[in-house]
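**Student:**
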Amino acid sequence: MAVLSSMLLPLRLFLCFGLLCSSASSADDIDNCMLFNEVTTTGQGIMANSDVYESNTNYTVWVPVNASISSVVLRAVDANNNSLGLWEKADQLCNNSALYHLDNLSDQLFIANWISPNSTNIATIVLQAFTINIYNVAAFSSLQLERKGKFLCGLFTLLAVTRSARKITWWVP
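As numbered in mature numbering (1 follows the signal peptide of the UniProt record, and there is no 0), residues -27 to -1, 1 to 146 make up the sequence shown, in order.
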(Lines of atoms letter the chains of each structure in order from A and count residues from 1; the text may use other names and numbers.)
(Lines give C-alpha, C1' and ligand atoms only; values in the text may rest on other atoms or scores of the structure.)
Protein backbone atom coordinates (compact mmCIF):
# COMPACT_ATOMS: atom_id res chain seq x y z
CA MET A 1 0.00 0.00 0.00
CA ALA A 2 2.86 2.38 0.83
CA VAL A 3 4.46 1.62 -2.54
CA LEU A 4 1.20 2.35 -4.37
CA SER A 5 0.67 5.72 -2.65
CA SER A 6 4.28 6.76 -3.30
CA MET A 7 3.82 5.97 -7.01
CA LEU A 8 0.56 7.96 -7.17
CA LEU A 9 2.06 11.13 -5.66
CA PRO A 10 4.09 12.07 -8.80
CA LEU A 11 1.04 11.30 -10.95
CA ARG A 12 -1.15 13.61 -8.85
CA LEU A 13 1.46 16.38 -8.98
CA PHE A 14 1.73 16.01 -12.76
CA LEU A 15 -2.07 16.22 -13.16
CA CYS A 16 -2.26 19.33 -10.95
CA PHE A 17 0.55 20.96 -12.95
CA GLY A 18 -1.26 20.09 -16.18
CA LEU A 19 -4.48 21.71 -14.94
CA LEU A 20 -2.62 24.87 -13.94
CA CYS A 21 -0.90 25.11 -17.32
CA SER A 22 -4.08 24.51 -19.31
CA SER A 23 -6.03 27.20 -17.44
CA ALA A 24 -3.16 29.68 -17.91
CA SER A 25 -2.95 29.05 -21.64
CA SER A 26 -6.70 29.51 -22.13
CA ALA A 27 -6.54 32.86 -20.29
CA ASP A 28 -3.75 33.96 -22.65
CA ASP A 29 -5.87 32.98 -25.65
CA ILE A 30 -8.68 35.25 -24.47
CA ASP A 31 -6.34 38.20 -23.90
CA ASN A 32 -4.55 37.78 -27.24
CA CYS A 33 -7.35 36.68 -29.53
CA MET A 34 -5.88 38.18 -32.71
CA LEU A 35 -2.34 39.28 -33.49
CA PHE A 36 -1.61 41.07 -36.76
CA ASN A 37 1.62 40.73 -38.72
CA GLU A 38 1.01 44.16 -40.22
CA VAL A 39 -1.69 46.86 -40.21
CA THR A 40 -2.40 49.06 -43.22
CA THR A 41 -4.78 52.00 -43.43
CA THR A 42 -5.90 51.24 -46.93
CA GLY A 43 -9.01 49.37 -45.87
CA GLN A 44 -12.22 49.96 -47.77
CA GLY A 45 -14.64 52.16 -45.88
CA ILE A 46 -16.75 50.89 -43.02
CA MET A 47 -20.38 51.98 -43.33
CA ALA A 48 -23.34 52.26 -40.96
CA ASN A 49 -27.06 52.84 -41.34
CA SER A 50 -26.58 56.34 -39.87
CA ASP A 51 -23.71 58.75 -39.34
CA VAL A 52 -25.61 60.44 -36.51
CA TYR A 53 -24.83 59.21 -33.00
CA GLU A 54 -27.74 58.53 -30.65
CA SER A 55 -27.72 56.87 -27.23
CA ASN A 56 -29.15 53.37 -26.79
CA THR A 57 -29.56 52.82 -30.53
CA ASN A 58 -28.99 49.70 -32.63
CA TYR A 59 -26.70 50.39 -35.60
CA THR A 60 -26.18 48.11 -38.57
CA VAL A 61 -22.53 48.19 -39.65
CA TRP A 62 -21.27 47.01 -43.05
CA VAL A 63 -17.63 46.16 -43.71
CA PRO A 64 -16.48 45.42 -47.29
CA VAL A 65 -14.71 42.04 -47.51
CA ASN A 66 -13.42 39.72 -50.23
CA ALA A 67 -12.30 36.11 -50.62
CA SER A 68 -8.94 36.76 -48.92
CA ILE A 69 -10.51 38.12 -45.71
CA SER A 70 -10.78 35.52 -42.94
CA SER A 71 -11.77 37.66 -39.92
CA VAL A 72 -13.10 41.06 -38.95
CA VAL A 73 -12.37 42.89 -35.69
CA LEU A 74 -14.74 45.71 -34.72
CA ARG A 75 -14.50 48.41 -32.04
CA ALA A 76 -16.44 51.52 -31.12
CA VAL A 77 -14.45 54.16 -29.24
CA ASP A 78 -15.15 57.57 -27.74
CA ALA A 79 -12.92 60.66 -27.85
CA ASN A 80 -10.72 59.18 -25.09
CA ASN A 81 -10.28 55.91 -27.02
CA ASN A 82 -12.46 54.00 -24.54
CA SER A 83 -14.40 51.12 -26.06
CA LEU A 84 -18.14 51.52 -25.69
CA GLY A 85 -21.35 49.75 -26.57
CA LEU A 86 -22.13 46.14 -27.36
CA TRP A 87 -21.32 44.20 -30.53
CA GLU A 88 -23.90 41.48 -31.09
CA LYS A 89 -23.13 37.84 -31.93
CA ALA A 90 -19.35 38.18 -31.89
CA ASP A 91 -17.38 34.94 -32.10
CA GLN A 92 -15.06 36.25 -29.41
CA LEU A 93 -14.80 39.39 -27.28
CA CYS A 94 -11.30 40.44 -26.31
CA ASN A 95 -9.30 43.58 -25.63
CA ASN A 96 -12.58 45.57 -25.79
CA SER A 97 -13.05 44.44 -29.39
CA ALA A 98 -15.36 42.01 -31.15
CA LEU A 99 -13.80 39.29 -33.31
CA TYR A 100 -15.85 37.70 -36.08
CA HIS A 101 -14.62 34.75 -38.15
CA LEU A 102 -15.99 34.75 -41.68
CA ASP A 103 -17.74 31.56 -42.69
CA ASN A 104 -18.54 32.41 -46.29
CA LEU A 105 -15.47 33.79 -48.07
CA SER A 106 -17.51 34.68 -51.15
CA ASP A 107 -19.42 37.43 -49.29
CA GLN A 108 -18.67 41.00 -50.34
CA LEU A 109 -20.06 42.64 -47.21
CA PHE A 110 -19.80 41.60 -43.59
CA ILE A 111 -22.75 42.82 -41.51
CA ALA A 112 -22.72 43.32 -37.73
CA ASN A 113 -24.95 45.06 -35.21
CA TRP A 114 -23.72 47.48 -32.56
CA ILE A 115 -25.80 48.87 -29.70
CA SER A 116 -24.67 52.28 -28.48
CA PRO A 117 -24.43 52.90 -24.73
CA ASN A 118 -27.25 54.58 -22.85
CA SER A 119 -25.34 57.76 -22.06
CA THR A 120 -25.98 61.40 -22.95
CA ASN A 121 -22.37 62.43 -22.20
CA ILE A 122 -21.04 61.16 -25.53
CA ALA A 123 -20.80 63.53 -28.49
CA THR A 124 -18.73 61.44 -30.92
CA ILE A 125 -18.11 57.74 -31.50
CA VAL A 126 -15.65 56.24 -33.97
CA LEU A 127 -16.49 52.82 -35.39
CA GLN A 128 -13.27 50.98 -36.24
CA ALA A 129 -12.90 47.93 -38.45
CA PHE A 130 -9.89 45.71 -39.02
CA THR A 131 -10.26 43.22 -41.87
CA ILE A 132 -7.71 40.42 -41.51
CA ASN A 133 -6.60 38.48 -44.55
CA ILE A 134 -5.27 34.93 -44.74
CA TYR A 135 -1.68 36.25 -44.31
CA ASN A 136 -2.66 37.88 -40.98
CA VAL A 137 -2.37 41.40 -42.40
CA ALA A 138 -5.04 43.80 -41.15
CA ALA A 139 -6.52 46.70 -43.10
CA PHE A 140 -7.96 49.50 -40.94
CA SER A 141 -10.94 51.71 -41.69
CA SER A 142 -13.12 53.90 -39.50
CA LEU A 143 -16.34 55.90 -39.48
CA GLN A 144 -17.14 58.77 -37.16
CA LEU A 145 -20.66 59.15 -35.74
CA GLU A 146 -21.52 62.56 -34.29
CA ARG A 147 -24.42 63.59 -32.11
CA LYS A 148 -26.52 66.24 -33.85
CA GLY A 149 -28.29 69.09 -32.10
CA LYS A 150 -27.05 68.34 -28.57
CA PHE A 151 -23.86 69.66 -27.05
CA LEU A 152 -22.70 69.45 -23.46
CA CYS A 153 -22.23 72.79 -21.73
CA GLY A 154 -21.34 72.25 -18.09
CA LEU A 155 -24.41 70.99 -16.28
CA PHE A 156 -26.79 72.08 -19.01
CA THR A 157 -27.62 70.37 -22.25
CA LEU A 158 -28.06 72.79 -25.07
CA LEU A 159 -30.90 71.48 -27.21
CA ALA A 160 -31.26 74.49 -29.43
CA VAL A 161 -30.00 78.01 -29.67
CA THR A 162 -32.24 80.68 -31.09
CA ARG A 163 -30.31 83.71 -32.14
CA SER A 164 -31.92 87.06 -32.63
CA ALA A 165 -30.50 90.55 -32.48
CA ARG A 166 -30.13 90.58 -28.70
CA LYS A 167 -31.35 87.22 -27.44
CA ILE A 168 -30.07 83.67 -27.03
CA THR A 169 -32.60 81.17 -25.67
CA TRP A 170 -31.40 78.03 -23.83
CA TRP A 171 -33.60 75.03 -23.26
CA VAL A 172 -32.67 72.73 -20.40
CA PRO A 173 -34.35 69.32 -20.02
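Glycine included, C-beta positions come from ideal geometry on N, C-alpha and C. Nothing here was measured: the structure is a model prediction, and the numbers come from that model.
Would DSSP call I105 helix, strand or coil?
**Tutor:** In the structure shown, I105 sits in a strand (DSSP, three-state: E or B).
**Student:** Going by Cα to Cα distance, which pick from S28, W35, S115 and D76 is closest to N94?
**Tutor:** Residue S28 is the option with its Cα nearest to N94.
**Student:** Check whether the Cβ of Y26 lies closer than 8 Å to any Cβ atom in chain B.
**Tutor:** Among the chains of the structure shown, chain B does not appear; only one protein chain is present.
**Student:** Identify whether P90 lies in helix, strand or coil by the three-state DSSP scheme.
**Tutor:** Residue state, collapsed to three classes: coil.
**Student:** Could you check which residue in K121, A102 and E119 has the C-alpha nearest to that of A112?
**Tutor:** The shortest Cα separation from A112 among K121, A102 and E119 belongs to A102.
**Student:** Check the C-beta distance from A21 over to L116 and give it rounded, since I have them as a contact under 8 Å.
**Tutor:** That belief holds up - the Cβ atoms of A21 and L116 are roughly 6 Å apart, short of 8 Å.
**Student:** To the nearest angstrom, how far is the alpha carbon of N55 from that of D64?
**Tutor:** Their backbone Cα atoms lie some 21 Å apart in a straight line.
**Student:** Which residues in the same chain have their Cβ closer than 6 Å to the Cβ of residue 150, if we skip the five residues on either side of it in sequence?
**Tutor:** Only positions -27 to 146 of the chain appear in the structure, and residue 150 is not among them; the question remains open.
**Student:** What's the C-alpha gap between I42 and T33?
**Tutor:** Rounded to the nearest angstrom, the two C-alpha atoms are 20 Å apart.
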